[in-house]
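Here the sequence shown stands for residues 289 to 688, where the numbers follow my numbering.
Every residue, glycine too, gets a C-beta built ideally from N, C-alpha and C.
Bear in mind the structure is a predicted one, so any value in this text is a computation, not a measurement.
Remarks on the structure that follows.
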Amino acid sequence: MALILAINAGSSSLKFQLLDMPAEELITKGSVERIGLSDSIFTISVRGEKVQEIASISDHEEAVRELLKKLTSLKIIRSLKEIDGIGHRVVHGGETFNDSALVTDEVIREIENLSELAPLHNPANLVGIRAFREVLPGVPEVVVFDTAFHQTMGSEAYLYSLPYEYYTEYGVRKYGFHGTSHKYVTIRAAELLSRPIEKLRLISCHLGNGASITAVKGGKSIDTSMGFTPLAGLTMGTRSGDVDPALIPYIMDKTGMNATEVVNVLNKKSGLLGLTGFSSDLRDIEKEAKRGNKRAKLAIDVFIERIQKYIGSYAAKMSGVDAIIFTAGIGEHSPMIREKVMSGLEFMGVYGDHDRNKAIGEETLISAPHSPVKVLVIPTNEEVMIARDTVRLSKQHQNI
Numbered sequence: 289m290a291l292i293l294a295i296n297a298g299s300s301s302l303k304f305q306l307l308d309m310p311a312e313e314l315i316t317k318g319s320v321e322r323i324g325l326s327d328s329i330f331t332i333s334v335r336g337e338k339v340q341e342i343a344s345i346s347d348h349e350e351a352v353r354e355l356l357k358k359l360t361s362l363k364i365i366r367s368l369k370e371i372d373g374i375g376h377r378v379v380h381g382g383e384t385f386n387d388s389a390l391v392t393d394e395v396i397r398e399i400e401n402l403s404e405l406a407p408l409h410n411p412a413n414l415v416g417i418r419a420f421r422e423v424l425p426g427v428p429e430v431v432v433f434d435t436a437f438h439q440t441m442g443s444e445a446y447l448y449s450l451p452y453e454y455y456t457e458y459g460v461r462k463y464g465f466h467g468t469s470h471k472y473v474t475i476r477a478a479e480l481l482s483r484p485i486e487k488l489r490l491i492s493c494h495l496g497n498g499a500s501i502t503a504v505k506g507g508k509s510i511d512t513s514m515g516f517t518p519l520a521g522l523t524m525g526t527r528s529g530d531v532d533p534a535l536i537p538y539i540m541d542k543t544g545m546n547a548t549e550v551v552n553v554l555n556k557k558s559g560l561l562g563l564t565g566f567s568s569d570l571r572d573i574e575k576e577a578k579r580g581n582k583r584a585k586l587a588i589d590v591f592i593e594r595i596q597k598y599i600g601s602y603a604a605k606m607s608g609v610d611a612i613i614f615t616a617g618i619g620e621h622s623p624m625i626r627e628k629v630m631s632g633l634e635f636m637g638v639y640g641d642h643d644r645n646k647a648i649g650e651e652t653l654i655s656a657p658h659s660p661v662k663v664l665v666i667p668t669n670e671e672v673m674i675a676r677d678t679v680r681l682s683k684q685h686q687n688i
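Written as structure tokens, this is what we have:
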């Protein structure tokens, strides 16, 4: 048995879960938000009940100290010595990391070097890593990269049709994201189907405010919809997804914005928000669509069209598909979206079951019994993947 802390540090937040491994039992979870402000919010689950406090937490190191203090003062654990490992989510591992890694000075330097590829995320992730190194110096730490799962893509999938030196000199290529989630649900799908993952062709649809689709053949990512950044691919909550790059100078000319401002619009004011004009939350959009709001209906149609397009292209790339997986906030909780996605895919062997598809937030099969392609809803659990890798790499470290 091992107690593992799974950490996701942002620029002003720290989310955490404490898991008992290998049982994968959640002991507690919570977050520290608004770090650096006088009204920071500390939330933690204690025996099924949420405890929340408002306090002044000046930085991430103080947030870590407060978290560890709460674990013992609330009697969630008896002593900090019970913590066997700490796993950190890191957004970008570039081409350097095709697997999770034990935290060392060299690994930290590499994550720093890759910060130009994820300037909003990697530096924040590093703050959390350093804070735990300072407070719990003897406990092994592991970093788990969103991009690592996609490092199995072939060059024909990850290269852009640009001058080749842009790749060799500047690292311009498709990296993909949500890898930890795609890896978890595809492993789980193989277990549910009672088939070796090495023999499966799977399409994983991670549909949330951020959304991506990945083709997984033999347990390995061979293509994914996000690209050099998470902006590419599907229509998302506020992100545009794929657009003609020539639109950027065109919009600049028409609006007077500079390139940075246009990209900000593509990231923060587009997607479902841009199409509807009132919300990036699909729950709001579904309600308005039912009331007859034409732009809400249009946004849903655009969202579905992009998902179906990627599913079709990935099925063609793998010469077929054995199962399609829906996961993340929308994928797990929107029967309407799932039904619309499945509708029209009968030509490739996808037949949904209307009654089964009513399930919300449950691990379930939603395809009809006669459907050659199975369709599954699998709630994602990136924290479990982080904990698994932390245990695996910590054991290797102990054996050295």
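My parser needs the beta strand (DSSP E) runs of 3 or more residues fully inside the region 313-393; what are they? Positions of the beta strand (DSSP E) runs, each at least 3 residues long and wholly inside the region 313-393, are given as 313-321, 328-334, 337-343 and 371-378 in order along the chain.
Express the C-alpha separation of G617 and I688 in angstroms, rounding to a whole number. Note that I688 has pLDDT 41, beneath the 50 cutoff, so the model's placement of it is unreliable and the number below is only indicative. Cα to Cα, I688 sits roughly 40 Å from G617.
At the level of alpha carbons, what is the spacing between S659 and M441? If you draw a straight line from the Cα of S659 to the Cα of M441, it is about 29 Å long.
Counting pairs of beta carbons, one from the region 355-368 and one from the region 308-321, are three or more of them closer than 8 Å? The region 355-368 is in contact with the region 308-321.
Assign T435 to buried or exposed, taking buried as 16 or more other Cβ atoms, counted over all protein chains shown, within 10 Å of its Cβ. Buried is the call here.
Does the structure place the region 592-605 close enough to the region 515-522 that three or more beta carbon pairs sit under 8 Å? Contact annotation: the region 515-522 touches the region 592-605, with at least three C-beta pairs closer than 8 Å.
What would DSSP say about E651, mapped onto helix, strand or coil? Looking at E651 - three-state DSSP - the assignment turns out to be coil, as it is neither helix nor strand.
Start and end of the beta strand (DSSP E) containing S509? Residue range K508 to T512 is occupied by the beta strand (DSSP E) that includes S509.
Roughly how many angstroms lie between the CA atoms of K575 and G608, to the nearest whole one? Cα to Cα, the separation comes out at about 35 Å.
Can you tell me whether I688 is helix, strand or coil according to DSSP? Reliability fails at I688, whose pLDDT of 41 lies under 50, so the model's placement of it is uncertain and the value that follows must be treated cautiously. Three-state result, I688: coil.
With H, G and I counted as helix, E and B as strand and the rest as coil, what does DSSP make of I612? Strand at I612.
Excluding the 5 residues preceding and the 5 following K338 in the sequence, name in chain order all residues of the same chain whose CB lies nearer than 7 Å to its CB. Cβ neighbours of K338 beyond the five flanking positions: T331.
Cβ-based neighbour list, V590, same chain, cut-off 8 Å, excluding 5 preceding and 5 following: For V590, the CB contacts under 8 Å within the same chain, skipping 5 residues up- and downstream, are T523 and L563 in chain order.
Under a Cβ-count criterion, where at least 16 other Cβ atoms within 10 Å of its own Cβ denotes burial, should I648 be classed as buried or exposed? Exposed, by the Cβ-count rule.
When burial is assigned at 16 or more other CB atoms within 10 Å of the CB, is V531 buried or exposed? It counts as exposed.
Secondary structure, alpha helix (DSSP H): runs of 4+ residues fully inside the region 413-492: Within the region 413-492, the complete alpha helix (DSSP H) runs of at least 4 residues are 443-446, 452-458 and 467-481.
Kindly indicate which residue of L561, L535, A294 and G559 has the alpha-carbon position closest to the one of V550. Of the candidates L561, L535, A294 and G559, the residue whose Cα lies closest to the Cα of V550 is L535.
Return the Cβ separation of G375 and I295 in integer angstroms, given the expectation that the two are a contact with Cβ distance under 8 Å. Distance from G375 to I295 at the Cβ level is roughly 7 Å; contact confirmed, criterion being Cβ atoms closer than 8 Å.
Pair within 8 Å by beta-carbon distance, D372 and S682: Taking 8 Å as the Cβ cut-off, D372 and S682 qualify as a contacting pair.
Anyone know if the C-beta pair for S469 and T526 falls short of 8 Å? Going by C-beta atoms, S469 is not nearer than 8 Å to T526.
Identified DSSP bridge partners for Q305: According to DSSP, Q305 shares a beta bridge with A294 and K317.
Alpha carbon to alpha carbon, how far is L490 from T615? Give it in angstroms, no decimals. Looking at the two C-alpha atoms, the distance is approximately 13 Å.
Residue from R461, T502, V352 and D641 whose Cα sits closest to the Cα of Q305: Nearest C-alpha to Q305: V352.
What residues in its chain sit with their C-beta under 6 Å from that of F433, if we drop five residues either side in the sequence? In chain order, V378, G381 and F385 place their CB closer than 6 Å to the CB of F433, counting only its own chain and leaving out the 5 sequence neighbours on each side.
If you measure between the beta carbons of V427 and S388, is that distance less than 8 Å? Not a contact, by the Cβ cut-off of 8 Å.
Enumerate in chain order the residues of its own chain whose CB-to-CB distance from K753 is below 8 Å, with the five nearest sequence positions on each side excluded. A question about residue 753 goes unanswered here, because the residues of the chain that appear run from 289 up to 688.
Any 3 or more C-beta pairs closer than 8 Å across the region 618-628 and the region 655-670: Short answer: they touch.
Terminal residues of the continuous beta strand (DSSP E) containing V531? Careful: V531 lies outside any beta strand (DSSP E) and carries neither H nor E.
Return the residue from the list S301, F516, V661 and S346 that minimises the CA-CA distance to V460. Of S301, F516, V661 and S346, the smallest CA-CA separation from V460 is found for F516.
Between I612 and I599, how many whole angstroms is the CB-CB distance? I'm expecting something under 8 Å. That belief holds up - the Cβ atoms of I612 and I599 are roughly 7 Å apart, short of 8 Å.
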